[in-house]
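To get the numbering used here, take the position in the sequence shown, counting from 1, and add 80.
Backbone N, C-alpha and C fix where the C-beta goes; we use that ideal spot for every residue, glycine too.
Treat the numbers as computed from the prediction; the structure is a model and nothing was measured.
Worksheet: the structure to be examined is printed underneath.
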Amino acid sequence: MPRRRELKGITINFAKLLSGRNNDYLGYWAVGQLSLLAQEKNVESITFDLLNLSNCLGSPQALEMYLQMKTELNRLLEAQKIPCVWVKSVAVKFSFNQEYQEKYHYWRSALGKQYLVSVIIESDLGYINKALEGGNVNPHDPTKEHRSNRLLTSN
Numbered sequence: 081m082p083r084r085r086e087l088k089g090i091t092i093n094f095a096k097l098l099s100g101r102n103n104d105y106l107g108y109w110a111v112g113q114l115s116l117l118a119q120e121k122n123v124e125s126i127t128f129d130l131l132n133l134s135n136c137l138g139s140p141q142a143l144e145m146y147l148q149m150k151t152e153l154n155r156l157l158e159a160q161k162i163p164c165v166w167v168k169s170v171a172v173k174f175s176f177n178q179e180y181q182e183k184y185h186y187w188r189s190a191l192g193k194q195y196l197v198s199v200i201i202e203s204d205l206g207y208i209n210k211a212l213e214g215g216n217v218n219p220h221d222p223t224k225e226h227r228s229n230r231l232l233t234s235n
């Protein structure tokens, strides 16, 4: 029988999934692509509201990434048999050019600039679950990256 307290674990797992190297979009690391998108739009952070179909940029690429994130969140909820009505809101924020934090970042700048992924899931009863993950990222550059051989789930 599912419990609302399982939303905390889902929040942590979702943040790790979004920050992880296996988070691909069209065969390339999604965080690198978001970093490039933020750089092009001249913003420090990108926020997604996964229940209300909104993101702060309004670009088609961000919309496709939003849909991919929402699919992954639904997969995590279904795996734990959590009803969608238990989830009141889901906010995902990718912040770039962050201050160094030993827990999340490598000290070498050659590995890219620091980023953080914040996930906040609020239950229908008002409980707020938060998770924070981070790492180092360089903006997406297909000439320096290898495309993933995994099956592409989007498009």
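Check, Outcome
"Given Gly112 as reference, the closest of Lys150, Tyr195, Glu152 and Pro140 once Cα atoms are compared", "Tyr195"
"Val165 - DSSP class collapsed to helix/strand/coil", "helix"
"Supposed contact pair Tyr207 and Arg83 - C-beta distance, whole angstroms, cut 8 Å", "Not really, about 11 Å apart at Cβ, beyond 8 Å."
"Whole runs of the beta strand (DSSP E) within the segment 189–220, excluding any shorter than 3 residues", "193–203 and 208–217"
"Local Cβ density within 10 Å of Leu130, reported as buried at 16 or more and exposed below that", "buried"
"Whole-Å CB distance - Ala211 paired with Ala95, under 8 Å assumed", "4 Å"
"For Ser175, the three-state DSSP class (helix, strand or coil)", "strand"
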